[in-house]
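Peer 1: Before I ask anything, let me first share the structure, which is written out below as structure tokens.
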Amino acid sequence: MEDRKLLETIEDYLTGKMSAQEMATFEITRKNTPELDQMVVEHSLFLQQMDAYATRRNFTKLTESTFQHLLARGEWAMNSALPSKVKMIQLWNKYKKVTAIAASVGGFIALATSAFIMYFAPSLNGNKLLQLSKDIEVIKKNQQVQGHLLNEVKSKVPENATLLSGGSGFLIDPKGYIITNAHVIKGNGAIVINNLGQELHASIIYADKNIDLALLKIEDKDFSAPATIPFTIRKKMSDLGEEIFTLGYPRNDNTIVYGKGYLSAQTGFEGDSSTFQVQISANPGSSGAPLFNDKAELIGIISTREKLAVGVAFAIKSNKIIDLMHAVNDKEEANDVKLKISKEAHQETFNRKNQITNYKNYIFSVRSYN
Amino acid sequence: MQKGNLSTLKKLKKAYFGLLLHELSINILKAELNEQALLKGLANNDSKAVETLYKSHFNMIQHFVLNNNGSFDDARDVFQEAMIALYEKVQSDSFVLTCQIKTYLFSICKHLWLKRLHQMSKFSGSLNVEEDSISVDDDLIDFEKKDAAFEMMHYALNSLGEPCKSLLEGYYINKKGMQELADNFGYTNADNAKNQKYKCLLRLKKLFFAQYSIGD
Numbered sequence: 061m062e063d064r065k066l067l068e069t070i071e072d073y074l075t076g077k078m079s080a081q082e083m084a085t086f087e088i089t090r091k092n093t094p095e096l097d098q099m100v101v102e103h104s105l106f107l108q109q110m111d112a113y114a115t116r117r118n119f120t121k122l123t124e125s126t127f128q129h130l131l132a133r134g135e136w137a138m139n140s141a142l143p144s145k146v147k148m149i150q151l152w153n154k155y156k157k158v159t160a161i162a163a164s165v166g167g168f169i170a171l172a173t174s175a176f177i178m179y180f181a182p183s184l185n186g187n188k189l190l191q192l193s194k195d196i197e198v199i200k201k202n203q204q205v206q207g208h209l210l211n212e213v214k215s216k217v218p219e220n221a222t223l224l225s226g227g228s229g230f231l232i233d234p235k236g237y238i239i240t241n242a243h244v245i246k247g248n249g250a251i252v253i254n255n256l257g258q259e260l261h262a263s264i265i266y267a268d269k270n271i272d273l274a275l276l277k278i279e280d281k282d283f284s285a286p287a288t289i290p291f292t293i294r295k296k297m298s299d300l301g302e303e304i305f306t307l308g309y310p311r312n313d314n315t316i317v318y319g320k321g322y323l324s325a326q327t328g329f330e331g332d333s334s335t336f337q338v339q340i341s342a343n344p345g346s347s348g349a350p351l352f353n354d355k356a357e358l359i360g361i362i363s364t365r366e367k368l369a370v371g372v373a374f375a376i377k378s379n380k381i382i383d384l385m386h387a388v389n390d391k392e393e394a395n396d397v398k399l400k401i402s403k404e405a406h407q408e409t410f411n412r413k414n415q416i417t418n419y420k421n422y423i424f425s426v427r428s429y430n
Numbered sequence: 029m030q031k032g033n034l035s036t037l038k039k040l041k042k043a044y045f046g047l048l049l050h051e052l053s054i055n056i057l058k059a060e061l062n063e064q065a066l067l068k069g070l071a072n073n074d075s076k077a078v079e080t081l082y083k084s085h086f087n088m089i090q091h092f093v094l095n096n097n098g099s100f101d102d103a104r105d106v107f108q109e110a111m112i113a114l115y116e117k118v119q120s121d122s123f124v125l126t127c128q129i130k131t132y133l134f135s136i137c138k139h140l141w142l143k144r145l146h147q148m149s150k151f152s153g154s155l156n157v158e159e160d161s162i163s164v165d166d167d168l169i170d171f172e173k174k175d176a177a178f179e180m181m182h183y184a185l186n187s188l189g190e191p192c193k194s195l196l197e198g199y200y201i202n203k204k205g206m207q208e209l210a211d212n213f214g215y216t217n218a219d220n221a222k223n224q225k226y227k228c229l230l231r232l233k234k235l236f237f238a239q240y241s242i243g244d
């Protein structure tokens, strides 16, 4: 208690809270007591530091709020790399003519190139992307092999029809609705083959070439509809680096293939925001294959891959699937189509092996014919 | 009537040109006075003065930092430090600014940024500089000393824990009275609050001086 009073007195003395008389008495005591004098000096130093601290802190706050205020008013563009003006002007003066010529030549070439590309490649992005649907020959060959092996089973593809394209697809509604890429469906008719090799008739309900998604419905008495869908559809964008896996039918012998990878960029080819980039091995036939994460969420659908970069594939974001389902529900209400978006995932301990064993029943090989 | 008007107009014209000349001659003086007023405002924590300084000089620093391996955020930090250095300089009684504010701020920023580049070992050996600068070594030594003391106090205060930190900040930084603090913190009377403040103060001083004596 005494120590406390002493320190308070010193503080009063140092901050000038004493009367003249008190001050005089204090100074005499201070002169005669070296310990007190030492305490005064020490506390004075401390108070000075505290004052400096307080002053600087308050000023820092002032500069911060001023800066934020000016920034909010648009006084400065954040992160805009301002090139050196003087240098730029010098360079500009020096290379004005060259730049003008280069620009016009460049402009001409750019126009010519885009005209050229527009003319020769109406659908795909230059030649840098490869759609992952299988070409006709491969499928034909595949059919022959199948025909050879399973003589007793008659193909459900009409006899005089030609197969045009194929890929993978997956069930999103227990009633038999299958999502695949629009570019997988090049013909007017379609069949799907489950992982046991059983062919089933399917009708094309909806195809949107812009977002590259198509909806099929299995219409076959042999189809045994499951009770529920074991995975949910992720609404939000997935995280960078998230581990993902896929199941699809890239091989010719109609064997389901598992692939593992990770999400490597949140946008797709040349910054396309409706797709994202994954590091996974994708082959023709992987088109339309679903991408899942560890939480049993469907996060996308493989559509294209970069031709030159091995292992880089692009996938359509899962929210586009939800959009499509909503669109179909709205449009086809009269025809009694009602797609149910799966809300609950089967929590089979989320063990990858169990997931795969379970999911493969929901993933189909898709063929399209005319 | 018309004649009278004409002569008045002539007189006015003459007066006007006289004024113009006069203005021209005092313009230089005025600029200096402006700077003085600005510094005075800065010393008194006037937010208008701070805003004016940011508006007139931050772009130059942003330009400089961006051209020398830095980001927008770096420029913001460096400029803020230079503002603090200038602010603390104008606070002292012996303050004289021997150059323009612009030159002073730029010189401080240049040195601070150079130092940071060295620390990040990003310095390429030459700076991209378009502005004039002066030697500010003494000021920088002073600034760094103050900076170190500031960090010590900051660290000491933050290691106190609550309610000590808020109580002492309330008293020494926000300059609140003990009765008000007692009410804010819910002590039954000012004496109890004073008692708590005393205990906290002892701890703070111990923490602060433990570093201060080592650092000095």
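Protein sequences, first through last, are from chains A and B.
Under the working numbering, the first residue of the first sequence carries the number 61, and numbering increases by one thereafter.
Under the working numbering, the first residue of the second sequence carries the number 29, and numbering increases by one thereafter.
Think of the CB as a built atom: it goes at the ideal place given N, C-alpha and C, for glycine as much as any other residue.
Remember, it's a predicted structure, so these values are computed and weren't measured experimentally.
1. What does B:Gln108 touch in chain D if you count any residue whose Cβ is under 8 Å from its own?
2. Please go through the same chain and pick out, in chain order, the residues whose beta-carbon is closer than 7 Å to the beta-carbon of A:Gly360, but skip the five residues on each side of it.
3. Report yes if the CB atom of A:Leu275 is closer than 9 Å to the CB atom of A:Val252, and no otherwise.
4. Could you tell me the boundaries of the beta strand (DSSP E) in which A:Phe352 lies?
5. How would you call B:Leu142, buried or exposed, if buried means at least 16 neighbouring beta carbons within 10 angstroms?
6. Give me the Cα-Cα distance between A:Pro286 and A:Val372, rounded to the nearest whole angstrom.
7. Closer than 6 Å by C-beta to A:Lys246: which residues in its own chain qualify, once you throw out the five before and the five after it? Chain order, please.
8. So, is the C-beta of A:Phe106 closer than 9 Å to a C-beta in chain B?
9. Spatial neighbours of B:Lys138 within its chain, please: CB distance less than 6 Å, with the 5 preceding and 5 following residues excluded, ordered by chain position.
10. Three or more C-beta pairs closer than 8 Å, one from the region 235-245 of chain A and one from the region 256-275 of chain A: is that the case here?
11. Closest to A:Val100 by C-alpha separation, out of A:Gln128, A:Arg294, A:Asp111 and A:Leu67, would be which residue?
12. Report the residue from B:Phe178, B:Ile136 and B:Ala71 whose alpha carbon sits nearest the alpha carbon of B:Gln239.
13. Whose Cβ in chain B lies nearer than 8 Å to the Cβ of A:Gln258?
14. Determine, for A:Ala132, whether the minimum Cβ-Cβ distance to residues of chain B falls below 9 Å.
15. Check whether chain A comes within 9 Å of B:Ser161, counting only Cβ atoms and requiring the distance to be less than that.
16. Restricting to runs no shorter than 3 residues, where is the beta strand (DSSP E) found entirely within the region 160-216 of chain B?
17. With a threshold of 9 Å between beta carbons, is B:Lys83 in contact with chain A?
18. I'd like to check one pair, A:Glu404 with A:Thr315: are the Cβ atoms closer than 9 Å?
19. For A:Gly247, which residues does DSSP report across the bridge?
20. Which runs of the beta strand (DSSP E) at least 3 residues long sit entirely within the region 230-298 of chain A? Give them in chain order.
21. Going by Cα to Cα distance, which pick from A:Gln191, A:Ala114 and A:Gly166 is closest to A:Lys269?
22. So, with DSSP's three-state summary, where would you put A:Gly227?
23. Please name the residues in the region 168-180 of chain B whose beta-carbon is closer than 7 Å to at least one beta-carbon of chain A, in chain order.
24. With a 10 Å radius around its C-beta and 16 neighbouring C-beta atoms as the bar for buried, classify B:Cys127 as buried or exposed.
25. Please return the same chain residues whose Cβ sits closer than 8 Å to the Cβ of B:Tyr115, not counting the five positions on each side in sequence.
26. Can you pull the chain B neighbours of A:Gln109, defined as C-beta to C-beta under 9 Å?
27. When the cut-off is 9 Å and only beta carbons count, does A:Leu473 lie next to chain B?
28. Which chain B residues are close to A:Glu135, counting only those with a beta carbon under 9 Å from its beta carbon?
29. Answer yes or no: do A:Leu130 and B:Glu197 have a C-beta to C-beta separation smaller than 9 Å?
30. Taking B:Ala221 as the reference, give the member of B:Lys203, B:Arg231, B:Leu195 and B:Leu235 with the closest Cα.
31. Would you report the Cα separation of B:Asp219 and B:Gly205, rounded to the nearest angstrom?
32. According to the neighbour-count rule (16 or more other Cβ atoms, all chains shown, within 10 Å of its Cβ), is A:Ser298 buried or exposed?
33. Do you know how far the Cα of A:Thr364 is from the Cα of A:Gly345?
34. Looking at the secondary structure, which residues open and close the alpha helix (DSSP H) in which A:Ser428 lies?
35. Go through its chain and collect everything with a Cβ distance to A:Leu74's Cβ below 8 Å, but skip five positions before and after it.
36. 9 Å is my cut-off, CB to CB: does A:Tyr113 come that close to chain B?
Peer 2: Let's see:
1. The structure shown contains no chain D; the protein chains it does contain are A and B.
2. One-based indexing of the first sequence puts residue 360 of chain A at position 300. So the list reads Phe336, Leu351, Ala375, Ile376, Lys377 and Ser378, once near-sequence residues are dropped.
3. Along the first sequence, read from residue 1 onward, the residue named residue 275 of chain A stands at position 215. Along the first sequence, read from residue 1 onward, the residue named residue 252 of chain A stands at position 192. No, the Cβ-Cβ distance between A:Leu275 and A:Val252 is not below 9 Å.
4. Here residue 352 of chain A refers to the residue found at position 292 when the first sequence is read from its first residue. It spans Pro350 to Phe352 - the beta strand (DSSP E) in which A:Phe352 sits, taken as one unbroken run.
5. Taking the first residue of the second sequence as position 1, residue 142 of chain B is located at position 114. Residue environment for B:Leu142: exposed (fewer than 16 other C-beta atoms within 10 angstroms of its C-beta).
6. Locating residue 286 of chain A in the first sequence gives position 226, where the first residue counts as 1. Locating residue 372 of chain A in the first sequence gives position 312, where the first residue counts as 1. Their Cα atoms are separated by approximately 34 Å.
7. Position 186 of the first sequence, counting from 1, holds the residue named residue 246 of chain A. By the criterion of a C-beta distance shorter than 6 Å, A:Lys246 is surrounded in its chain by Leu224, Ser225 and Ser428, once the five residues flanking it on both sides are discounted.
8. Residue 106 of chain A sits at position 46 when you count from the first residue of the first sequence. Cβ-Cβ to chain B under 9 Å: yes for A:Phe106.
9. Counting from 1 along the second sequence, the entry for residue 138 of chain B is found at position 110. Apart from the 5 residues on each side of it in sequence, B:Lys138 sits with its Cβ closer than 6 Å to the Cβ of Ser161 in its chain, given in chain order.
10. Verdict: yes, contact present.
11. Residue 100 of chain A sits at position 40 when you count from the first residue of the first sequence. Checked all of A:Gln128, A:Arg294, A:Asp111 and A:Leu67; the closest Cα to A:Val100 is A:Leu67.
12. Counting from one through the second sequence, the residue named residue 239 of chain B turns up at place 211. Nearest C-alpha to B:Gln239: B:Phe178.
13. Taking the first residue of the first sequence as 1, we reach residue 258 of chain A at position 198. Simply none; closest approach about 60 Å.
14. Residue 132 of chain A sits at position 72 when you count from the first residue of the first sequence. Not closer than 9 Å to any Cβ of chain B, the Cβ of A:Ala132 fails to qualify, so no.
15. Working through the second sequence from its first residue, we reach residue 161 of chain B at position 133. Closer than 9 Å: no.
16. Listed in chain order, there is nothing to give.
17. Counted from its first residue, the second sequence places residue 83 of chain B at position 55. Interface residue, yes.
18. The residue given as residue 315 of chain A occupies position 255 in the first sequence. The residue given as residue 404 of chain A occupies position 344 in the first sequence. No, the pair does not count as a contact, with Cβ atoms beyond the cut-off.
19. As a first step, residue 247 of chain A must be located in the first sequence, where it is residue number 187. DSSP, once it has assigned bridges, lists no residue as partnering A:Gly247.
20. The qualifying runs are 237-240, 249-253, 259-268 and 273-278.
21. Position 209 of the first sequence, counted from the first residue, corresponds to residue 269 of chain A. With distances taken between Cα atoms, A:Lys269 lies closest to A:Gln191.
22. One-based indexing of the first sequence puts residue 227 of chain A at position 167. A:Gly227 carries a strand assignment under DSSP once its states are collapsed to helix, strand and coil.
23. Along the region 168-180 of chain B, going in chain order, the ones with a CB nearer than 7 Å to a CB of chain A are Lys174, Ala177 and Phe178.
24. For the purposes of this step, residue 127 of chain B is taken as the residue at position 99 of the second sequence. Answer is exposed; the Cβ neighbour count stays below 16.
25. The sequence position of residue 115 of chain B within the second sequence is 87, counting from 1. Around B:Tyr115: Leu70 and Ala71.
26. Translated into positions along the first sequence, residue 109 of chain A becomes position 49. Here the neighbours are Ala177, Phe178, Met180, Met181, Phe236 and Tyr240.
27. This structure cannot settle anything about residue 473 of chain A, because the visible part of chain A is limited to 61 through 430.
28. Here residue 135 of chain A is taken as the residue at index 75 of the first sequence, counted from 1. Correct list: Tyr82, Lys83, Phe86 and Asn87.
29. Sequence index remark: in the first sequence, residue 130 of chain A carries index 70 (1-based). Sequence index remark: in the second sequence, residue 197 of chain B carries index 169 (1-based). Against a cut-off of 9 Å, the Cβ pair of B:Glu197 and A:Leu130 comes out as no contact.
30. Taking the first residue of the second sequence as 1, we reach residue 221 of chain B at position 193. It is B:Leu195.
31. Walking along the second sequence from the start, residue 219 of chain B turns up at place 191. Walking along the second sequence from the start, residue 205 of chain B turns up at place 177. The straight-line gap separating the alpha-carbon atoms of B:Asp219 and B:Gly205 is approximately 12 Å.
32. Here residue 298 of chain A refers to the residue found at position 238 when the first sequence is read from its first residue. Answer is buried; the Cβ neighbour count reaches 16.
33. Numbered from its first residue, the first sequence carries residue 345 of chain A at position 285. Numbered from its first residue, the first sequence carries residue 364 of chain A at position 304. Linking A:Gly345 to A:Thr364 through their CA atoms gives a straight-line distance of about 10 Å.
34. Numbered from 1 along the first sequence, position 368 holds the residue referred to as residue 428 of chain A. Unbroken run through A:Ser428 is the beta strand (DSSP E), Ile423 to Tyr429; no alpha helix (DSSP H).
35. The residue labelled residue 74 of chain A in the question sits at position 14 within the first sequence. So the qualifying residues of the chain are Val100, His103, Ser104 and Leu107.
36. If you number the first sequence from 1, residue 113 of chain A lands on position 53. Among the CB atoms of chain B, one or more fall inside 9 Å of the CB of A:Tyr113.
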